[in-house]
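To keep things clear, I will list the structure first and then write my remarks on it.
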Amino acid sequence: MGRRPSGCRSRPINTSGACAGGAPPSESRGYLCGRRAGCGQSHGSPSSVDDEHHTHHGKRTAQRDHLPLKFKESSLAAAKEGNFDVAGYAFPAAPEHTRPPRVVRLAVVQHTIGTTTDKPVNEQRNAIFEKIKKIVDVAGQEGVNVLCFQELWSMPFAFCTREKQPWCEFAESAENGPSTRFLSELAAKYGMVIVSPILERDETHGDVLWNTAVVISDTGAVLGKHRKNHIPRVGDFNESNYYMEGNTGHPVFATRYGRIAVNICFGRHHSLNWLMFGLNGAEIVFNPSATIAAEAGSEYMWDIEARNAAIHNTYFTAAINRVGYEKFPHEFTSADGKPAHKDIGLFYGSSFFCGPDGVRCPGLSRVRDGLLIAEVDLNKNRQIADRRCYRMTQRLDLYVQSLSRVLELDYKPQIVSEGEKQ
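Residue numbers (the UniProt record's numbering): 1 to 422.
Laid out in structure tokens, this is it:
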């Protein structure tokens with residue numbers, strides 16, 4: 001989905017030329033509303049293109065908010081040399097009389113692993129670091145204020161193997177592990193807040209593992225961390241073999257650039273998870289993920305869930321996915337009766353941003369490393385909240401009573417049948 005359908009006026013800056021001769025169209029594009037995006041061919045009459053754009057992105061082409069950003073020539077050259085895409089869009093808000101604009105630059109990174117998974121742990125990690133530094137340098141050069149990586153960015157997604165070694169050796173301290181030290185230097189260098197989802201080892205509490213997002217402030221200090229609330233037990237994603245549900249609640253991190261939260265991967269399927277981050281004051285919620293095309297319905301839902309969350313909770317969202325195939329040394333099964341294999345399929349990338357009005361930008365490629373930048377005006381959150389009144393009509397008092405009753409052992413669903421009194 002690196003480019004927009006023919007007939008749409010704005011296109012992201014794509015340094016790869018994937019559709020022109022790289023990955024085949026079916027591999028290089030993302031999904032829009034459950035349908036694979038086009039590869040630049042005509043989609044019919046101007047009106048049909050306009051209708052498609054309205055359905056997929058939330059705006060008519062003439063009303064489109066997400067205008068493409070212009071990048072420095074040095075950034076484009078670095079992206080080409082580093083073999084990753086760079087794209088960016090603006091999400092402006094209406095000017096106000098009493099508040100100045102609150103414009104910040106957000107970014108997400110999707111990337112493949114840096115080497116083969118049979119190499120020593122430190123060699124694998126360092127290969128990823130080498131790749132990531134080039135991308136973060138471009139983000140810093142382009143003035144990015146807040147950047148988020150994909151889920152467990154500093155290692156292969158090896159939990160499908162159900163093997164403990166060597167994969168548990170990637171676990172590290174959230175406060176001073178190798179990934180945190182590496183990114184803290186870059187955060188301080190560029191004055192950038194960085195969200196770093198890692199495999200955490202809590203040495204203070206019995207060496208327990210957690211799926212954790214570390215938030216590093218623009219000074220390079222660790223601002224805090226959040227542990228994944230919802231752990232899948234589905235096929236190759238039976239992650240509770242390694243770590244369990246988090247214990248950090250729904251923290252919102254007050255950074256220099258705005259209030260951010262992190263809804264890690266499987267949490268995107270749980271609407272109350274999104275809700276609580278909003279109730280705690282989040283202005284931007286990142287959703288670092290690791291999801292594959294072979295997982296039933298995953299790619300069809302990808303465009304929908306983060307977009308729905310942005311609409312329902314009146315904040316900006318960013319959906320970030322891993323990209324590429326990750327092959328492991330030993331075969332494993334997937335509890336589906338099929339033969340053993342060494343990979344779980346394509347992590348389909350397609351990372352994107354969405355505004356509180358439901359307008360999303362085109363996403364990154366399905367198969368290539370990429371940096372996606374969004375220049376957003378956070379004033380838009382309040383403007384949309386005032387217009388749609390979702391917060392003032394949400395009736396939390398009603399639902400807290402209903403949910404409390406559901407938790408009772410003798411709960412009876414509120415079902416009205418013919419002949420019964422309501």
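All C-beta atoms, glycine included, are put in the ideal place defined by N, C-alpha and C.
Name the residue from T393, C389 and L372 whose alpha carbon lies nearest to the alpha carbon of K70.
-> Counted from its first residue, the sequence shown places residue 70 at position 70. The shortest C-alpha separation from K70 is found at L372.
Reference F328, options I344, V103, G337 and S334, closest by Cα = For the purposes of this step, residue 328 is identified with residue 328 of the sequence shown, where counting begins at 1. Out of I344, V103, G337 and S334, I344 has the C-alpha closest to the C-alpha of F328.
Given a cut-off of 8 Å, decide if R307 and C354 are closer than it, judged by their beta-carbon atoms.
-> Taking the sequence shown and counting its residues from 1, the one referred to as residue 354 is at position 354. Taking the sequence shown and counting its residues from 1, the one referred to as residue 307 is at position 307. Taking 8 Å as the Cβ cut-off, C354 and R307 qualify as a contacting pair.
Which same chain residues, not among the five before or five after A23, have their C-beta less than 8 Å away from its C-beta?
-> Stepping through the sequence shown from its first residue, residue 23 is reached at position 23. Because the pLDDT at A23 is just 41, under 50, the model does not fix this residue reliably, and the value given afterwards should be weighed accordingly. Correct list, in chain order: S365, R366, V367 and R368.
In chain order, each beta strand (DSSP E) run of at least 3 residues that lies wholly inside the region 180-211 = 193-202
Y89 classed as buried or exposed, judged by whether at least 16 other C-beta atoms fall within 10 angstroms | Reading the sequence shown from its first residue, position 89 is the one you call residue 89. Classification of Y89: buried, given that the 10 Å Cβ count is 16 or more.
Does the beta-carbon distance from F255 to S217 come in below 8 Å?
-> As a working note, residue 255 is residue 255 in the sequence shown. As a working note, residue 217 is residue 217 in the sequence shown. The sequence given here places Thr at residue 255; Phe does not occur at that position. Against a cut-off of 8 Å, the Cβ pair of S217 and T255 comes out as a contact.
CA nearest to the CA of D357, picked from A319, P339, G337 and K380 = For the purposes of this step, residue 357 is identified with residue 357 of the sequence shown, where counting begins at 1. It is K380.
Excluding five sequence neighbours on each side, which residues of the same chain lie with their C-beta closer than 6 Å to the C-beta of A309?
-> In the sequence shown, residue 309 corresponds to position 309, counting from 1. Once the five neighbours on either side are set aside, the close Cβ partners of A309 are W274 and T317.
Under a three-way DSSP split, which group does residue 431 fall into?
-> The question about residue 431 has no answer, for the chain in this structure spans 1 to 422.
Where the beta strand (DSSP E) through H226 begins and ends | Within the sequence shown, residue 226 is the residue found at index 226, counting from 1. First-last of the beta strand (DSSP E) with H226: V222 to R227.
Span separating the alpha-carbon of P101 from that of K134 | Stepping through the sequence shown from its first residue, residue 101 is reached at position 101. Stepping through the sequence shown from its first residue, residue 134 is reached at position 134. Rounded to the nearest angstrom, the two C-alpha atoms are 31 Å apart.
How would you call N229, buried or exposed, if buried means at least 16 neighbouring beta carbons within 10 angstroms?
-> Sequence index remark: in the sequence shown, residue 229 carries index 229 (1-based). Counting Cβ neighbours within 10 Å, N229 comes out buried, since at least 16 surround it.
Sequence ranges, alpha helix (DSSP H) only - wholly within the region 226-296, length at least 4 | With a minimum length of 4 residues, the continuous alpha helix (DSSP H) runs that stay inside the region 226-296 are 271-279.
Note down, one range per segment and in chain order, each beta strand (DSSP E) of at least 3 residues found wholly within the region 366-395.
-> Complete beta strand (DSSP E) runs here, min 3: 370-377.
In its own chain, which residues sit with a C-beta less than 6 Å from the C-beta of A174, not counting the 5 before and 5 after it?
-> Locating residue 174 in the sequence shown gives position 174, where the first residue counts as 1. Counting only Cβ-Cβ distances below 6 Å, and skipping sequence neighbours, we find E200, T212, V214 and K225.
Between P120 and Q150, which are expected to be in contact by the criterion C-beta below 8 Å, what is the C-beta distance as a whole number of angstroms?
-> If you number the sequence shown from 1, residue 120 lands on position 120. If you number the sequence shown from 1, residue 150 lands on position 150. Not quite, the Cβ-Cβ distance comes to about 23 Å (not below 8 Å), so this is no contact.
Is Q383 close to chain C, meaning its C-beta is less than 8 Å from at least one C-beta of that chain?
-> Included in the structure is just one protein chain, with no chain C present.
If you drop the 5 nearest sequence neighbours on each side, which residues of the same chain put their C-beta closer than 8 Å to that of K72?
-> Locating residue 72 in the sequence shown gives position 72, where the first residue counts as 1. Within the same chain, Q141 and E142 come within 8 Å of K72 by CB-CB distance, once the 5 residues on both sides are set aside.
Going along the chain, which residues of its own chain have a beta-carbon closer than 8 Å to the beta-carbon of A221, five neighbours each way excluded?
-> If you number the sequence shown from 1, residue 221 lands on position 221. S184.
Out of A107, T98 and P95, point me to the one whose CA is closest to G370's CA.
-> Against the sequence shown, residue 370 aligns to sequence position 370. Ranking A107, T98 and P95 by Cα distance to G370 puts A107 first.
Would DSSP call L76 helix, strand or coil?
-> On the sequence shown, residue 76 is found 76 positions in, with the first residue counted as 1. Three-state DSSP puts L76 in a helix.
Tell me whether the beta-carbon of S334 lies closer than 8 Å to the beta-carbon of Q110.
-> Here the question's residue 334 lines up with position 334 in the sequence shown. Here the question's residue 110 lines up with position 110 in the sequence shown. Contact: no.
Validate contact between the region 400-418 and the region 374-391 using beta carbons, cut 8 Å, 3 pairs = no
Between the CA atoms of T393 and V138 - distance to the nearest angstrom | For the purposes of this step, residue 138 is taken as residue 138 along the sequence shown, with counting starting at 1. For the purposes of this step, residue 393 is taken as residue 393 along the sequence shown, with counting starting at 1. So the two alpha carbons sit approximately 43 Å from each other.
Figure out for me which residue from A282, N247 and T291 has the closest Cα to the Cα of V234.
-> The residue labelled residue 234 in the question sits at position 234 within the sequence shown. Selected option, being the one with the closest Cα: T291.
Sequence-distant residues of the same chain with beta carbon closer than 8 Å to E331, five excluded per side | The residue given as residue 331 occupies position 331 in the sequence shown. Taken in chain order, the residues that qualify are A340, H341 and K342.
Complete beta strand (DSSP E) runs within the region 67-152 (minimum length 3 residues, chain order) = 85-91, 103-110 and 146-149
Going by beta carbon distance, what residues of the same chain come within less than 7 Å of C361, once the five residues before and after it are set aside?
-> Reading the sequence shown from its first residue, position 361 is the one you call residue 361. Answer for C361: H66, Y89, F352, F353 and A374, listed in chain order.
Three-state class that DSSP yields for H330 in the structure shown = Your numbering for residue 330 matches position 330 in the sequence shown. Here H330 sits in coil by DSSP.
Comparing alpha-carbon positions, which option in P232, K164 and L152 lies nearest V195?
-> Taking the sequence shown and counting its residues from 1, the one referred to as residue 195 is at position 195. Checked all of P232, K164 and L152; the closest Cα to V195 is L152.
Could you check the C-alpha separation between F237 and L272 for me, to the nearest Å?
-> Translated into positions along the sequence shown, residue 237 becomes position 237. Translated into positions along the sequence shown, residue 272 becomes position 272. Going by C-alpha positions, F237 is about 21 Å away from L272.
For Y242, which of C160, Y300 and E295 has the nearest alpha-carbon?
-> In the sequence shown, the residue the question calls residue 242 occupies position 242. Measuring from the Cα of Y242, the nearest candidate turns out to be C160.
Quick one: what's got a C-beta closer than 8 Å to I320's C-beta in the same chain, skipping five residues either side?
-> For the purposes of this step, residue 320 is taken as the residue at position 320 of the sequence shown. Once the five neighbours on either side are set aside, the close Cβ partners of I320 are V108, V109, Q110, C148, F149, Q150, E151, F286, N287, P288, S289 and S351.
Provide the residue(s) that pair with F352 in DSSP beta bridges, ordered along the chain.
-> Looking up residue 352 in the sequence shown gives position 352. F352 pairs with A319.
What distance in whole Å lies between the Cβ atoms of P178 and R125, which are believed to be in contact at a cut-off of 8 Å?
-> Translated into the one-based positions of the sequence shown, residue 125 becomes position 125. Translated into the one-based positions of the sequence shown, residue 178 becomes position 178. Indeed they touch by this definition, with Cβ atoms about 7 Å apart.
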